[in-house]
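Note that our numbering has the sequence shown beginning at 777, numbered continuously upward. All residues carry an ideal CB built from backbone N, CA and C; glycine is no exception.
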Amino acid sequence: MDDELKPLMNAMRIYIPHGDLTLVERAFLFAKKAHQGQLRQTGEPYINHVIATARRLADWHFSPTIVAAGLLHDVPEDTPYSIEEIRKQFPKDIAAIVAAETKLSTLRYQGVERYAENLRKFILAMVRDVRVLFVKFADRAHNLETLSALPEHKRRRIALETLEIYAPIANRLGMGEIRGLLEDLSFPYVLPEEHLWLTNLIKGKFEEKEQRLKTVKEEIKKELAKAKISALDVHGRTKHLFSLYRKLLRYDRDLSKVYDLVAIRIIVPTVSDCYTVLGIIHQRWKPLKGRIKDYIAQPKPNGYQSLHTTVFTDEGEIVEFQIRTKEMHEEAEFGIAAHWRYKEHGEAGQPKHHHRLRWLEELAHIQKELHDRKEFLETIEELKIDAFQNRIFVFTPRGDVLDLPEQSTPIDFAYAIHTDLGDHCSGARINGAMAALETKLNSGDIIEIVTDAKRRGPSPDWLKFVRTRHARQTIKTSARRGVGSWIRSIIPGNHEKQQTLKRKRK
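Structural data, given as structure tokens:
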């Protein structure tokens, strides 16, 4: 076996001890031949980059198919070998992932045009095959690790693109660990002075906190053993740097207000065990008021589930605990990618109806509907706001739960259920009482929409108070359909019709 390949194969043997890795070895040999003599801007052999990309995928425990695609991802773009050659020598799944990666790398625009086109391509590729996303994340992570070899303007553009596109998508798909990695690698290039300030602020703090938590960890292990709770793991979790930076901005840059700099994470077999452990912790230490969060009963919008509690220890230390099952942990770290990670019985299958795929499908719908790049970017900005702002959880009369941005209205609720329901909405009952359509909803509200079959569509006035991107865009689209052909012809972005109109006026 080639010495360059051994570390990758050893990493894969950790989670595939007996499986066939021939496909990965073949992909490596093909990539090594294809990239022979090529150097990166760092001066190192190009093959180092594809090995690093594949190694990252192996560290994330992806299947041989995805790891092999990582090894081959730059072949069609940067070598004489075409995608057809890969199709001849490798399974169609690998060729499809590599082909999609190649399209993502071919950009024809600069500035805002480049940003919009990159985002369009990224969205379309993800919806067709989400595995493309995993390879792109691994590829981008290594590019960020070697960014210092590029000119400053390129470093900033790549890092900013990562924070604007890649990290938000990783977050919305529940890939907490991957999001944190991409953000931390981008941080020093996008906000170098803030990064320097924060690294100086926390110098030695993580180590100090971990040292002080050793006693607490040992004590909770003893308490769990007494209660006959077989914890699968009890470990400290260090907060990602960029995540810490965002939190500090909310707390006036006061580090003493951040209680989860290092948290204790407890992994247990069942949901019932999670609640039992929570009770044990509260019997042993006093919880802080308002700091108990049940994300198992009410998951975060990206699917995150866990129990959080913050307590005072005997030494006066403030400690956050996170309690979850193994399945919840995998979902929290890898989100939708958890369903693609290698399983003992073989390669994982695609979760065709996974709830996180709905968000990707919505993004694809946006990029199909909006042909004007400026409008597309404005809409994506709104969608990003939807994805990251604080959320509320409300209920249908049947007890189904919907998550919406804070300050959402019954109109937002109606459109979240179905476009027709929103279009024909004429009133709403909140907790059994009639309410105005502009009423702001609160978590726990039960909403019933009153409809009027004779209603022809939404009112443009609703744009003054709706909160969600979906409601706003649907109302705008409906308003456009309702205007005359002359008005449609002068809507920005409809350039051909504008030119036709000018000729008619001459």
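Residue burial annotation: residue 839 is buried, with at least 16 other C-beta atoms found within 10 angstroms of its C-beta. By the criterion of a C-beta distance shorter than 6 Å, residue 952 is surrounded in its chain by 1108 and 1109, once the five residues flanking it on both sides are discounted. Going by C-alpha positions, residue 1078 is about 31 Å away from residue 825. Inter-segment contact for the region 801-812 and the region 845-860 is present: three or more beta-carbon pairs are separated by less than 8 Å.
DSSP, read as helix, strand or coil, puts residue 820 in coil.
When the alpha-carbon of residue 915 is set against those of 855, 903, 927 and 843, the nearest one is in 843. Taken atom to atom, the span from the alpha-carbon of residue 1168 to that of residue 1220 is near 8 Å. The alpha-carbon separation between residue 822 and residue 910 amounts to approximately 20 Å.
The beta carbon of residue 1071 sits closer than 8 Å to those of 1080, 1081, 1082, 1083 and 1084, all from its chain and outside the five residues before and after it, given in chain order. A Cβ-Cβ contact shorter than 8 Å links residue 1014 with residue 982. Below 8 Å, too few C-beta pairs join the region 1060-1070 and the region 1006-1013 to call them touching: fewer than three. Taking a cut-off of 8 Å for Cβ pairs, the region 1090-1097 and the region 1032-1045 touch, as three or more such pairs fall below it. As the crow flies, the alpha-carbon of residue 945 is around 13 Å from that of residue 901. In the displayed model, residue 1087 falls within a strand according to three-state DSSP. Residue 1025 and residue 1090 have their C-alpha atoms roughly 30 Å apart. DSSP, reduced to helix, strand and coil, places residue 993 within a helical segment of the structure shown. Taking 8 Å as the cut-off, the beta carbon of residue 1243 is found closer than this to the beta carbon of residue 1188. 837 is the residue among 876, 1224 and 837 whose C-alpha sits nearest the C-alpha of residue 791. Taking a 10 Å sphere around the C-beta of residue 929, we find fewer than 16 other C-beta atoms and assign the residue as exposed. Note on geometry: alpha-carbon atoms of residue 1237 and residue 799 lie some 59 Å from one another.
For the pair of segments examined, the region 827-835 was found not to touch the region 809-818: the number of CB pairs separated by less than 8 Å stays below three. Under DSSP, no beta-bridge partner is assigned to residue 1189.
Per DSSP, residue 854 is one residue of the alpha helix (DSSP H) stretching across 851-854. Per DSSP, the continuous alpha helix (DSSP H) segment holding residue 1048 begins and ends at 1047-1060.
Straight-line spacing of the CA atoms in residue 1193 and residue 1181 works out to 14 Å. Looking at the DSSP output, residue 1097 shares a beta bridge with 1040 and 1085. In this chain, residue 792 is not harboured by any beta strand (DSSP E), its DSSP state being neither H nor E. In the DSSP assignment, residue 1011 falls outside any alpha helix (DSSP H) and within the unbroken beta strand (DSSP E) covering 1009-1014.
Rounded to the nearest angstrom, the gap between the Cα atoms of residue 1018 and residue 908 is 25 Å.
Our two residues, residue 1047 and residue 1027, have alpha carbons roughly 33 Å apart in a direct line. Excluding five sequence positions before and after residue 1226, the CB atoms of its chain that fall closer than 6 Å to its own CB belong to 1202 and 1203, given in chain order. Rounded to the nearest angstrom, the Cβ distance from residue 912 to residue 937 is 12 Å, too far for a contact under 8 Å. Going by DSSP, residue 1210 is part of the beta strand (DSSP E) stretching over 1209-1211. Boundaries of the alpha helix (DSSP H) harbouring residue 952: 952-966, taken from the DSSP string. Residue burial is scored here from C-beta neighbours: residue 780 has fewer than 16 other C-beta atoms within 10 angstroms and is therefore classed as exposed.
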